[in-house]
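Chemist: Handing you a structure now.
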Amino acid sequence: MKTLGVTQSLCSTCRELIPAKVITDGLDVYFEKFCLEHGQSRNLVQRDLEDYLKTQRYIKPAWVPNEFAGESSVACPQGCGFCDRHEQHLCMPIVEITSRCDLTCPVCIVDAGEPSDMTVEEFGNLIDNLIRTENQIDVLNLSGGEPLVHPNLLEIVDKALSHPEIVRVSISTNGLALPRQPNLLRRLCERNVVISLQFDGFDDRAYEVLRGRKLLKEKLEILDLLAETGISTSLTVTTAGRVNEGQFPGLLEYLFSHQHVVSIMIQPISFAGRGANLAGKADRLTIPDVKRLLDEAGDSRVSASDFVPLPCSHPLCFCLAYYLVLDDGGTVSLNRLVDASKMMDSLVNRTIFGLDSKEYESLKDMIYEMWSGSAGSAPDSDAVMKTLRGIMDEICGSRFDPRKTFTVAERHIKSIFIHAFQDAETFDLSRVRRCCQAYPQPDGKLIPVCVHNVLGREKEKRD
Amino acid sequence: MSRLKDKDYTYFKTVRGMCRKCHTIVPARVFFHEGQVWQESLCPTCTNEPALIAADKNWYLANVLKAMPDSAPLPGAKPPRLGCPHDCGPCAWHATRCQLPVISITNVCNLRCPICFTYNRPDRSFYMPIEGMRKTVDWIIKSSDKVDLINITGGEPTLHPHIIDILRICRRPEIGRITMNSNGIHLAQNYQLCEQLAALGVYVILSFNTFDSDISQRIHGRDVTGLKLKAIDNLTRAGVKMTLLNVMIRNINEDAISGIFDLMRQNANILGLTVQTMTYTGQGGGNFARTRHIPVDEAAKIACEQSEGTLEFDDFMTRPSAHPLCYLICYMLKNGREFLPFTRFAPREKVEQLIHASYLIRPSQTDDVFKDAINELYAEGKNSHLGVLRELVEKLYPTGSTLTDFERQRVAESAVRTIYIHAHMDEDTFDCSRAMLCPDLVPSEPGRLIPACTYNLFYRLQDERFYVKPEQSRIAEGV
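Residue numbers (the working numbering), protein chains in the order written: chain A, 1 to 463; chain B, 1001 to 1479.
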């Protein structure tokens, strides 16, 4: 074994914050921990040492939120919310508007307690607070529980969209309510909401293992409904080793062959919440595993080299690939078109591409540069240029408008995101302190996703 | 809608650091600012100032983002319990074998240096008993098998009434070289002691910080510049080999290096220079007016600037078995008054092999570094150094006999000059990742080997021989 140093992690049993020695066999990266009460343990953190080291170079200065609801006088991460020592602003708020759900997934990281719904008023206060803190929210995600069962869902969406500072609303859903309520989908479509559909592939075994019952038939029906309305759709895939890791060829094909499907969000299973009891820790998938699986999916449009870490999150938490959809139907990875370092420069502290006026300027520069030379040697350069010119014409019409830019970009760019949530085994204070995704709480606190899932909810239940 | 402001730094990672004020283990952020690397302890209750830990972000990334050799668990290591650094002894996590046991044989000193980074209780004198010393050395050999070096330190070791007996105990076939730290005052006044050291083959690590009387006053509490030069004279006359130890302090004595290089060129008994960057801890250093820390990479660059073109930064290498923020090393071939860095005639990997797990180069019977270097220099037409190398190779590999490792080491040192850059940690720069890789271990009591900086920051304060809590001290002094 070799060593990479010492960090702070958690005991998998009692969740006490304890030191972890980061070690490697030269191939993969492991934590070795010792808890005074629960003894010694060793677990995989990430496959591929080289990737682990290289990824950590992708970093940028963070943004500073306007307000802090957390307390730096409490030992990190107990005072989270964020405090003024947190290393990033809130990029993507996930608002849990209900704890009720019409499924009981064994993989659920939430494992909600008593059923309760957030009131519209509570929601209103919460987003007022978010806007004060952040100025602009690119994507406000509504989650749960199952948000579609909230009795005032549309009011909540309207409340959010009444603020020009909120560019887009997305809803994380299992989709089961949609066939039952055809009007609901139409209304969401009118409001230009993005549906993030939990979709674990085209094999029913995945649903049995991860969701607790067969769901494929219903999921396919939901996919058809979404396609009919043409509502912007993102497929959220929970990937588990030996369960649905072979599903990527079908998923990629679905992404590229449906105009309304704008992205796939791949989340390697995190053994937190109810999922802490799931079997399969030995088959843990990490970001490099997912990149490899995508590479091996046999889709000529996608390769592992298309992916870059997202520098605004902790780079070990999130990586992504953008694909430009050409007018002739072809696709080109943005990373293949432009120098990776330029692409990194143009990604500001946001997950969604091109939503910031500065980012938009650098995007323009990038396109002009391609125009003037280097892209001459790129594949399909004519088609690329034609498409880019079209996009520029559409966006450039008037002054910069994030909502408009978003819609145009969405039609021409498809994204694949890989988001590695932490659990008690992989928890790393170094990553958590940089987290840019959080659950806003009614008391104004913004709790980083992994802190809440691994520590917060447990505490709620214990108290 | 205005966008949020950028932070004025780039976050890199969080390490296990410590709070300067309350001495508890707290998370510390490592961040980049204007191309430099800083560490800032984040204590929930106290405020801490950031400290510079590397002057060049790119150098830092290239050296920190790599896996280090891990020899854990060391023989006799105990399982971790309370968490690094509270299980030292070492615990089963400690990753580097003991390469330099450091033994404090007294707390008595004839200087009160405002820069001293250790704790030495003033109210009671401690002298290591002979029997205790014997047990300690036995334990070191038992736990580490063979060591290239053993270091005797203090206080001021020459003030131990039985210093020669103490040193004699260290003369063991398992120990390659005995080094003794000294401020040189007693050596300047006692030539006989220098002769005794020579007879025992002891090497002296002579603290040498400045040629300037005013600066000496400021960092040693009195002008000892004349005594230091006198000590060098005495040691040289007696035939004692020396390393000069320079504590480099920003805005105070960075310019002393060029004079030290001159001494090294003139005096064949001075085998090397160790630059220890100033650490603001201990009784003296903890209260010394803080200027910005000098990290190892910056200290190496400062040394290069004063080397009259002999050295470039790339001549320095990290040690394969220590944390890159703790040590840089440069080996130079000595040819009369000229020095030629090894990296100029041998590939870096070869030089690294030569120092793999030790402070001293240890050419093995099969190493071809020097033999290859002859060809290399010949090919490049650098004929001026060929003679020295040929002579060295003939001595290292005499026809008809084979030298032992330690013998070969002693032959090599005659032709080699070494520069170590060493950054100790203080409260601001403490990082468990560094402590875990520390090769300098303190046998605080038989059965325990504690990493030097952890010892200095945590354990020495629990050691009644060297530390008395202020409230107890007041009682003892009848205040």
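We put the beta carbon where it would ideally sit given N, CA and C, even for glycine.
1. Does the beta-carbon distance from A:C11 to A:K33 come in below 8 Å?
2. Closer than 8 Å is the cut-off here; do at least three beta carbon pairs connect the region 1204-1216 of chain B with the region 1174-1188 of chain B?
3. How is B:N1456 classed by DSSP in three states: helix, strand or coil?
4. Just to make sure I have the definition right: I need the residues of chain B whose C-beta is within less than 9 Å of the C-beta of A:Q198. Which are they?
5. Between A:L126 and the rest of its own chain, which residues show a CB-CB distance below 7 Å, the 5 nearest in sequence each way excluded?
6. With a threshold of 8 Å between beta-carbons, can B:K1057 be considered close to chain A, or not?
7. Between B:D1070 and chain A, is the shortest Cβ-Cβ distance under 8 Å, so that the two count as touching?
8. Please confirm whether A:V451 and A:D423 have their CB atoms less than 8 Å apart.
9. Using 8 Å as the threshold, is the C-beta distance between A:N141 and A:P65 below it?
10. Should A:P315 be labelled buried (16 or more other beta-carbon atoms within 10 Å of its own) or exposed?
11. For a test of the three-state rule: what should DSSP assign to A:V432, helix, strand or coil?
12. Can you tell me which of the three DSSP states A:P249 falls into?
13. Please tell me whether A:V74 has its Cβ less than 8 Å away from any Cβ of chain B.
14. Would you kindly work out how many angstroms separate the C-alpha atoms of A:G5 and A:Q181, rounded to a whole number?
15. Just the chain A side, please: which residues come within less than 7 Å of B:F1012 by C-beta, in chain order?
16. From the DSSP output, in three-state form, read off B:W1059 for me.
17. Compare the C-beta of A:I166 with all C-beta atoms of chain B and state if any pair is closer than 8 Å.
18. Less than 8 Å separating the beta-carbons of B:N1234 and B:Y1280?
19. Count the other C-beta atoms from every protein chain shown that fall within 10 angstroms of the C-beta of B:R1097, then say buried if there are 16 or more, exposed otherwise.
20. In three-state DSSP terms, what is A:C78?
21. Is there a Cβ from chain B that is less than 8 Å from the Cβ of A:F34?
22. Under the rule that 16 or more other beta-carbon atoms within 10 Å means buried, what is B:C1022, buried or exposed?
23. Please state the DSSP three-state secondary structure of B:N1335.
24. Give the residues of chain B in contact with A:R465, contact being defined as C-beta atoms less than 8 Å apart.
25. Does A:S263 come within less than 8 Å of chain B when only Cβ atoms are used?
26. For the putative contact between B:Y1119 and B:Q1283, defined by C-beta atoms under 8 Å, what is the C-beta separation to the nearest angstrom?
27. Does the count of Cβ pairs from the region 1104-1124 of chain B and the region 1073-1093 of chain B closer than 8 Å reach three?
28. Would you verify that the beta carbon of B:C1084 is, or is not, closer than 8 Å to some beta carbon of chain A?
29. Out of curiosity, what's the CA-to-CA distance linking B:A1092 and B:L1354?
30. In chain order, what residues of the same chain have a beta carbon less than 6 Å from the beta carbon of B:S1144, not counting five sequence neighbours either side?
31. Out of A:P106, A:F123 and A:D102, state which residue places its alpha-carbon closest to the alpha-carbon of A:P115.
32. Hey, is the region 1363-1378 of chain B in contact with the region 1152-1165 of chain B, meaning 3+ C-beta pairs nearer than 8 Å?
33. Do B:F1339 and B:V1351 have their CB atoms nearer than 8 Å?
34. Please report the distance separating the alpha-carbon of B:G963 from that of B:H1422.
35. Where does the unbroken alpha helix (DSSP H) through B:M1278 begin, and where does it stop?
36. Pull up the CB-CB distance for B:D1148 and B:L1360, whole angstroms please, since I reckon it's below 8 Å.
Modeler: Considering the structure as presented:
1. Against the first sequence, residue 11 of chain A aligns to sequence position 11. Against the first sequence, residue 33 of chain A aligns to sequence position 33. Yes, Cβ-Cβ distance for A:C11 and A:K33 is below 8 Å.
2. yes
3. Reading the second sequence from its first residue, position 456 is the one you call residue 1456 of chain B. Reduced to three states, the DSSP call for B:N1456 is helix.
4. The count along the first sequence starts at 1 and reaches residue 198 of chain A at position 198. Neighbours of A:Q198 on chain B: none; closest Cβ ~31 Å, over 9 Å.
5. Here residue 126 of chain A is taken as the residue at index 126 of the first sequence, counted from 1. Around A:L126: V95, P440 and P442.
6. To locate residue 1057 of chain B, count along the second sequence from 1; it is residue 57. So no, B:K1057 is outside the interface.
7. As a working mapping, residue 1070 of chain B is identified with position 70 in the second sequence. Yes, B:D1070 lies at the interface with chain A (some Cβ there is under 8 Å from its Cβ).
8. Along the first sequence, read from residue 1 onward, the residue named residue 451 of chain A stands at position 451. Along the first sequence, read from residue 1 onward, the residue named residue 423 of chain A stands at position 423. No, Cβ-Cβ distance for A:V451 and A:D423 is not below 8 Å.
9. Working through the first sequence from its first residue, we reach residue 141 of chain A at position 141. Working through the first sequence from its first residue, we reach residue 65 of chain A at position 65. Result no, Cβ atoms of A:N141 and A:P65 do not sit closer than 8 Å.
10. Translated into positions along the first sequence, residue 315 of chain A becomes position 315. Burial call: buried.
11. Position 432 of the first sequence, counted from the first residue, corresponds to residue 432 of chain A. Correct three-state label for A:V432: helix.
12. On the first sequence, residue 249 of chain A is found 249 positions in, with the first residue counted as 1. A:P249: helix per DSSP, three-state reduction.
13. As a working mapping, residue 74 of chain A is identified with position 74 in the first sequence. Closer than 8 Å: yes.
14. As a working mapping, residue 5 of chain A is identified with position 5 in the first sequence. As a working mapping, residue 181 of chain A is identified with position 181 in the first sequence. About 54 Å.
15. On the second sequence, position 12 is the one that residue 1012 of chain B refers to. The contacting residues are I59.
16. Your numbering for residue 1059 of chain B matches position 59 in the second sequence. Looking at B:W1059 - three-state DSSP - the assignment turns out to be helix.
17. Stepping through the first sequence from its first residue, residue 166 of chain A is reached at position 166. No - not a single Cβ of chain B is within 8 Å of the one on A:I166.
18. On the second sequence, position 234 is the one that residue 1234 of chain B refers to. On the second sequence, position 280 is the one that residue 1280 of chain B refers to. No, Cβ-Cβ distance for B:N1234 and B:Y1280 is not below 8 Å.
19. Within the second sequence, numbered from 1, the residue matching residue 1097 of chain B stands at position 97. Burial call: buried.
20. By one-based count along the first sequence, residue 78 of chain A stands at place 78. The sequence shown places Gln at residue 78 of chain A, not Cys. Note: A:Q78 maps to coil in three-state DSSP.
21. Within the first sequence, residue 34 of chain A is the residue found at index 34, counting from 1. Yes, because at least one Cβ of chain B sits closer than 8 Å to the Cβ of A:F34.
22. In the second sequence, counting from the first residue as 1, residue 1022 of chain B sits at position 22. Its Cβ having fewer than 16 others within 10 Å, B:C1022 is exposed.
23. Along the second sequence, one-based indexing puts residue 1335 of chain B at 335. Looking at B:N1335 - three-state DSSP - the assignment turns out to be strand.
24. Since the first residue shown for chain A is 1 and the last is 463, residue 465 of chain A is missing from the structure and cannot be characterised.
25. On the first sequence, position 263 is the one that residue 263 of chain A refers to. A:S263 does not count as touching chain B.
26. Along the second sequence, one-based indexing puts residue 1119 of chain B at 119. Along the second sequence, one-based indexing puts residue 1283 of chain B at 283. Rounded, the Cβ-Cβ distance is 6 Å, consistent with contact.
27. no
28. The count along the second sequence starts at 1 and reaches residue 1084 of chain B at position 84. So yes, B:C1084 belongs to the interface.
29. Translated into positions along the second sequence, residue 1092 of chain B becomes position 92. Translated into positions along the second sequence, residue 1354 of chain B becomes position 354. Distance between the alpha carbons of B:A1092 and B:L1354: 27 Å.
30. Against the second sequence, residue 1144 of chain B aligns to sequence position 144. Closer than 6 Å at Cβ, skipping near neighbours: C1098.
31. As a working mapping, residue 115 of chain A is identified with position 115 in the first sequence. That would be A:D102, whose Cα lies nearest to the Cα of A:P115.
32. no
33. Position 339 of the second sequence, counted from the start, is the residue given in the question as residue 1339 of chain B. Position 351 of the second sequence, counted from the start, is the residue given in the question as residue 1351 of chain B. Not a contact, by the Cβ cut-off of 8 Å.
34. The first residue shown for chain B is 1001 and the last is 1479, placing residue 963 of chain B beyond what the model contains.
35. By 1-based counting over the second sequence, the position of residue 1278 of chain B is 278. Where B:M1278 is concerned, there is no enclosing alpha helix (DSSP H), given that its DSSP letter is neither H nor E.
36. Within the second sequence, numbered from 1, the residue matching residue 1148 of chain B stands at position 148. Within the second sequence, numbered from 1, the residue matching residue 1360 of chain B stands at position 360. About 5 Å separates the two Cβ atoms, so the contact holds.
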